[in-house]
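Novice: Below are the structure tokens for one structure; questions will follow.
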Amino acid sequence: MNVHPTILAMPVAIPLLFGALSLLMQGIRTPHRVRVQQILAGIAIGANLILALLLLSYTLSGGRMSFQMGLWPAPFGITVYIDGLSAIMLTTVGLLSALIFPFAVATMDAERARLGFYPMALFLLMGANGAFITGDLFNLYVFYEVLLMSSFVLLTLGGTPSQINGGIRYVVLNLMGSMMLLLAAGITYGTLGTLNMAHIAVRMGATPYLVQAVIAGLLLIAFGAKAAAFPVFFWLPSSYHTPHPAVTALFSGVLTKVGMYSLFRTFPLFFPWLLDEWQPLILTIAGLTMVIGVLGAFAQPTIRRLLSFHIISQIGYMFMGLGVAMAPTPYGVGFGLALAILFLVHNQIVKTALLLGGGAVELETGTGKLNELGGVVALRPFQAALFFLAAFSLAGFPPTSGFIGKLGLLEVTFSSGSWVIAAVSVFVSLLTTMSMIRLWQYVFWGKPHSKYRMPKKLATQGASMAMTVPVLILVVLSIAIGVMAQPALDAVQVAASQVIDRVGYVETVGPELTASDLQIPFGNYPADAVAAGR
Amino acid sequence: MTEIYLRLVNLILTPLIILVAILLFLRGHDLPGGGFIAGLLVAAALELTILSRGATVTREQYGPWLIPLVGLGLLVAVIAGLLGIYGGGFFHGMWIEFYLGGDKIKMGTPQLFDLGVMLVVIGMGVTYLLRLSEAAEAVSKNDAVEGEQP
Amino acid sequence: MTAIMLAVLVGVLFACGAYMILLRGQIKLVLGLGLITHAVNLALFGTGKLTRGAPPIVPHEQQVTAAMAGQFADPLPQALILTAIVISFGVTAFIVVLIYRRDALTGSDLAPGELATVINTSDPFAPFSSRMVMPEAADDYDILQFELDEVYDNPQAEGADE
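Written as structure tokens, this is what we have:
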């Protein structure tokens, strides 16, 4: 397939163009402004999804592409780069936004829609897409800020007291994380003299260990804060339960996962050897994140607070995958990374399904408090069954995608000798199951309360469909990945092999990058560890 | 609201500051200046209006146009990027040169992008200043009401 | 020497910013964030090697040669700082508006909820009446209330605008 590299700019340009158009609509006082914005958002989300699928089919057949913004040559201009991992992330985020969109259209109240929900959602999409395709460390920071600024507005849209409270904590803690990322970019430029990711990868091998450790540590803190890993996760549970349920679902599918994506991208590219040397540290973070997330979930009194603690717990599994990403396994190096990517995709799908299902319950009953809920299974049996399946996929039961992801991660962790963390992950899975059963029992089981207030707007057939069908599609997708695991595993293995192929990355971005630094050893790790500077 | 001198200053100075901002914007590509700084200057000029005439009047006058201005600015910026595709790639700079009365005038997509930045900064900056001024006015009004009671 | 002084300055700014963020008042929080962003901007400034150089603009007629290498200041850190300043300006503006909004809603500079029992006075022997007790924590589901009230009170809410 022959595509012009300029198409790589489109995942950013399309949401930006339509977001700008619908922000322009914001000034037009017509009664149909929200309708127009919805149509614009629908077009943008559809085009984005088609584009992402196109790029996915291109990259999974082994291709990768790069493009220089403004045609400035490689280390000077901004690089845009796409491979399997980027395309997978673009596709899942595109798909999730396409599924959350009808939910939002059906349930979003007129006030919030009028205040600009749709343009802000498009800017969020633009920021996430940009972070997935950029090949420049500072540009990554800029896209993070685009993502965060739009998420600030989405989080506080409507301005109720709890939203403002959550919003302030969210903004402060995320700003600190961004500052760490900026500092890492600054130190990288000061020591390596470049910000292009491929160029950084080439030059990293020749820098002293101390510099590597400082950059890696700052990146770990920054992306860990974005991904809500153990010591820096506090912004997530104090804010995720406050906005509209559609916004929470969008955040859970996009925000923390961009942080994980950045870890998967930068660590194997810049310093793959540190993933081996720092394995105890990363696995400790993973274990603590898992345990604290799931234990925190037990103490939570409402649906979305409980589910947001589960987001943290699941991030721990992805950190476990990162820890064993470069570990030697019977299936070759990089299999751990492949499974971590698979788990990331699984988690995006299932978490969004759970938050959409839980959000629908909250919207339909008027409360999310566990002790005020009960008996929803009698009112909405189909939704209850879907929620049940998604919850068991989260816990890791066969035949869902959670089973494949967790089994694979367990296998790789065992075979790389880290059996403590493997045992912890099994124990956490058990706790997750208990927590999910507790949630399901409180919300769906028992006798229905008489106090439920179903808003008229949601009582129509169309609204009910818009709230159920996205969850259905996500649950079917999760089971499909679980049943037909081989194609999914093949796809993520292609992606992982492209991620750990540092030489290929640099050659795709610009072969002249290595030519200028011939004295620096550079190669793939650990296949030619000596050449990689180790 | 009887700041008659401030209103006079506003009447004279605001157009002048906006002219300086346009000058800064036009020289911005090769010399110090540019869209961001010009946008901040325009926002500062409008802050003078807010100070002299009050936030409420200013809101009535400019309020509805601020957020669409941000949208327009983003639109102009992304169009500047998309025009570059014609020249070979997204955000590729394209320039037109022509002579106007003996002076060489150079215009291009980077300037268009800068114009977009300027509009975004004006929109966001004035929104922010208006919001804060409204808050300050509300506080001073509260203080005045409380001050009347013994 | 300048580099060391700059490093110390960055460290001091970071420390002061962290201290101010940990204080209870919200305005101190904003000032602390401002100090930290300035610290990071200064650190970025330091990455460009603190030298006196000409502005990195070469006139159109002149050729770029290798001999010119050391004469110019590095423009990239300045571009990075400008971008970072713009972004942190935007975030700070946003958080100031949020804090004002919270102040208008709860009538207090302090955070409600977790700090409900905290008393807003430095004098532990002050009479009880002069202590300010925090407002109640906001209900998690005030968002749904907003939603439900709107839908019930105004059935045509969907189409009606302004």
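Protein sequence lines, in the order shown, are assigned to chains G, E and P.
Counting the first sequence from 1 gives a position; the numbering used here is that position plus 7.
Counting the second sequence from 1 gives a position; the numbering used here is that position plus 25.
For the third sequence, position 59 (counting from the first letter as 1) is numbered 55 according to the numbering used here, and the numbering increases by one without interruption.
Where is the CB? At the ideal position from N, CA and C, for every residue including glycine.
Based on DSSP bridge pairs, tell me the residues matched to A113 (chain G).
Specialist: Within the first sequence, the letter at position 106 stands for residue 113 (chain G). Answer is none; A113 (chain G) lacks a bridge partner.
Novice: Measuring CB to CB, does I507 (chain G) end up less than 9 Å from V340 (chain G)?
Specialist: To locate residue 507 (chain G), count along the first sequence from 1; it is residue 500. To locate residue 340 (chain G), count along the first sequence from 1; it is residue 333. Yes, the pair counts as a contact, with Cβ atoms nearer than the cut-off.
Novice: Can you pull out the residues from the region 163 to 175 of chain G whose beta carbon lies closer than 7 Å to at least one beta carbon of chain P?
Specialist: Listed by position, the residues of the region 163 to 175 of chain G near chain P (Cβ gap below 7 Å) are T163, G165, G166, T167, P168, S169, Q170, I171, N172, G174, I175.
Novice: Among residues of its own chain, excluding the 5 on either side of E118 (chain G), which ones have a beta-carbon nearer than 7 Å to its beta-carbon?
Specialist: As a first step, residue 118 (chain G) is located in the first sequence; it is residue number 111 there, counting from the start. Cβ within range, chain order: G165.
Novice: CB-CB under 6 Å to T515 (chain G), same chain, minus the five flanking residues each way: which ones, in chain order?
Specialist: To locate residue 515 (chain G), count along the first sequence from 1; it is residue 508. R71, S73.
Novice: What does D128 (chain E) pair with, by DSSP beta-bridge criteria?
Specialist: Position 103 of the second sequence holds residue 128 (chain E). E:L125, per the DSSP bridge assignment.
Novice: Return helix, strand or coil for Q44 (chain G), following the three-state DSSP convention.
Specialist: Residue 44 (chain G) sits at position 37 when you count from the first residue of the first sequence. Helix at Q44 (chain G).
Novice: Does the beta-carbon of R210 (chain G) have 16 or more other beta-carbons within 10 angstroms, so that it is buried, or is it exposed?
Specialist: The count along the first sequence starts at 1 and reaches residue 210 (chain G) at position 203. Buried.
Novice: Compare the C-beta of A63 (chain P) with all C-beta atoms of chain G and state if any pair is closer than 9 Å.
Specialist: Your numbering for residue 63 (chain P) matches position 67 in the third sequence. Chain G, which has no Cβ nearer than 9 Å to the Cβ of A63 (chain P), makes this no.
Novice: Are the C-beta of G150 (chain E) and some C-beta of chain G separated by less than 9 Å?
Specialist: Mapped onto the second sequence, residue 150 (chain E) falls at position 125. No, its Cβ sits nowhere closer than 9 Å to a Cβ of chain G.
Novice: Below 8 Å, how does it come out for the region 340 to 359 of chain G and the region 451 to 462 of chain G: are there three or more Cβ pairs, yes or no?
Specialist: no
Novice: Measure the CB-CB distance between L46 (chain P) and T88 (chain P) and report whether it falls below 9 Å.
Specialist: Taking the first residue of the third sequence as 1, we reach residue 46 (chain P) at position 50. Taking the first residue of the third sequence as 1, we reach residue 88 (chain P) at position 92. Not closer than 9 Å, so no.
Novice: Residues of chain G with CB closer than 7 Å to the CB of A80 (chain P), please, in chain order.
Specialist: The residue you call residue 80 (chain P) lines up with position 84 of the third sequence. Within 7 Å Cβ-Cβ: L189.
Novice: Along chain G, which residues have their Cβ under 7 Å away from the Cβ of P89 (chain E)?
Specialist: By 1-based counting over the second sequence, the position of residue 89 (chain E) is 64. The answer, in chain order, is G34.
Novice: Spatial neighbours of V101 (chain E) within its chain, please: CB distance less than 7 Å, with the 5 preceding and 5 following residues excluded, ordered by chain position.
Specialist: Working through the second sequence from its first residue, we reach residue 101 (chain E) at position 76. So the qualifying residues of the chain are L137, L140, G141, L144.
Novice: Please list the terminal residues of the continuous alpha helix (DSSP H) segment that includes Q390 (chain G).
Specialist: For the purposes of this step, residue 390 (chain G) is taken as residue 383 along the first sequence, with counting starting at 1. Per DSSP, Q390 (chain G) belongs to the alpha helix (DSSP H) from 388 to 402.
Novice: Scan the region 131 to 162 of chain G for residues whose Cβ lies nearer than 8 Å to a Cβ of chain E and list them as they occur along the chain.
Specialist: Sequence-ordered contacts of the region 131 to 162 of chain G with chain E are nonexistent [C-beta pairs closer than 8 Å].
Novice: Which chain C residues are close to V36 (chain P), counting only those with a beta carbon under 8 Å from its beta carbon?
Specialist: Note that chain C does not occur in the displayed structure, where the protein chains are G, E and P.
Novice: Under a three-way DSSP split, which group does M16 (chain P) fall into?
Specialist: Your numbering for residue 16 (chain P) matches position 20 in the third sequence. If DSSP states are grouped into helix, strand and coil, M16 (chain P) belongs with the helices.
Novice: Just mark R52 (chain E) as buried or exposed, buried being the case when its beta carbon has 16 or more other beta carbons within 10 Å.
Specialist: Looking up residue 52 (chain E) in the second sequence gives position 27. It is exposed - the Cβ of R52 (chain E) has fewer than 16 other Cβ atoms within 10 Å.
Novice: For V179 (chain G), decide whether its Cβ has a neighbour in chain P, counting only Cβ atoms nearer than 9 Å.
Specialist: Indexing the first sequence from 1 puts residue 179 (chain G) at position 172. Yes, its Cβ sits closer than 9 Å to a Cβ of chain P.
Novice: Given this structure, state the Cα-to-Cα distance separating I319 (chain G) from L66 (chain E), to the nearest angstrom.
Specialist: The residue labelled residue 319 (chain G) in the question sits at position 312 within the first sequence. The residue labelled residue 66 (chain E) in the question sits at position 41 within the second sequence. So the two alpha carbons sit approximately 44 Å from each other.
Novice: Can you confirm whether G517 (chain G), when its beta carbon is compared against all beta carbons of chain E, has any partner nearer than 9 Å?
Specialist: Indexing the first sequence from 1 puts residue 517 (chain G) at position 510. By this cut-off, G517 (chain G) is not an interface position.
Novice: Since L157 (chain E) meets chain P, which of its residues come closer than 8 Å, beta carbon to beta carbon?
Specialist: Along the second sequence, read from residue 1 onward, the residue named residue 157 (chain E) stands at position 132. Ordered by position in chain P, the residues that pass the 8 Å Cβ test against L157 (chain E) are V92, V93, Y96.
Novice: Determine, using beta carbons only, whether Y125 (chain G) comes closer than 9 Å to chain P.
Specialist: Here residue 125 (chain G) corresponds to residue number 118 of the first sequence, with the count starting at 1. The beta-carbon of Y125 (chain G) is placed no less than 9 Å from the nearest beta-carbon of chain P.
Novice: Kindly indicate if chain P contains any beta-carbon less than 9 Å away from that of Y324 (chain G).
Specialist: For the purposes of this step, residue 324 (chain G) is taken as residue 317 along the first sequence, with counting starting at 1. No, because no Cβ of chain P sits closer than 9 Å to the Cβ of Y324 (chain G).
Novice: In whole angstroms, what is the alpha-carbon distance linking S29 (chain G) and I46 (chain G)?
Specialist: For this step, residue 29 (chain G) is matched to residue 22 along the first sequence. For this step, residue 46 (chain G) is matched to residue 39 along the first sequence. If you take the alpha carbons of S29 (chain G) and I46 (chain G), they lie about 9 Å apart.
Novice: State the Cα-Cα distance for the pair G588 (chain G) and P109 (chain G), rounded to the nearest angstrom.
Specialist: Residue coverage of chain G in this structure runs from 8 to 541, which leaves residue 588 (chain G) outside it and unanswerable.
Novice: Going by beta carbon distance, what residues of the same chain come within less than 6 Å of Y268 (chain G), once the five residues before and after it are set aside?
Specialist: As a first step, residue 268 (chain G) must be located in the first sequence, where it is residue number 261. Answer for Y268 (chain G): M96, listed in chain order.
Novice: DSSP on V114 (chain P), reduced to helix/strand/coil?
Specialist: Translated into positions along the third sequence, residue 114 (chain P) becomes position 118. Residue confidence for V114 (chain P) is low, a pLDDT of 42 falling below 50, so the modelled location carries little weight; the figure read from the coordinates is stated next. Coil at V114 (chain P), not helix or strand.
Novice: Can you list the residues of chain E that L416 (chain G) reaches, using a CB-CB cut of under 8 Å?
Specialist: Mapped onto the first sequence, residue 416 (chain G) falls at position 409. None at all; the shortest Cβ gap to chain E is about 38 Å.
Novice: Just checking my contact of L106 (chain G) with P477 (chain G) at CB under 8 Å: how many whole Å lie between their CB atoms?
Specialist: To locate residue 106 (chain G), count along the first sequence from 1; it is residue 99. To locate residue 477 (chain G), count along the first sequence from 1; it is residue 470. Right, their Cβ atoms sit about 4 Å apart.
Novice: Check whether the Cβ of Y449 (chain G) lies closer than 9 Å to any Cβ atom in chain P.
Specialist: Residue numbering aside, residue 449 (chain G) sits at position 442 when the first sequence is read from its first letter. Output row for Y449 (chain G): interface = no.
Novice: When the Cα of A39 (chain P) is compared with those of G:T374, G:M187, G:I488, G:L484, which residue comes out closest?
Specialist: To locate residue 39 (chain P), count along the third sequence from 1; it is residue 43. Comparing Cα-Cα distances from A39 (chain P) to each of G:T374, G:M187, G:I488, G:L484, the minimum goes to G:M187.
Novice: Quick check on the burial criterion: 16 or more other C-beta atoms within 10 angstroms. Buried or exposed for P135 (chain E)?
Specialist: Sequence index remark: in the second sequence, residue 135 (chain E) carries index 110 (1-based). Buried.
Novice: What residues of chain P sit near D55 (chain E), judged by a beta carbon separation below 9 Å?
Specialist: If you number the second sequence from 1, residue 55 (chain E) lands on position 30. I53, listed in chain order.
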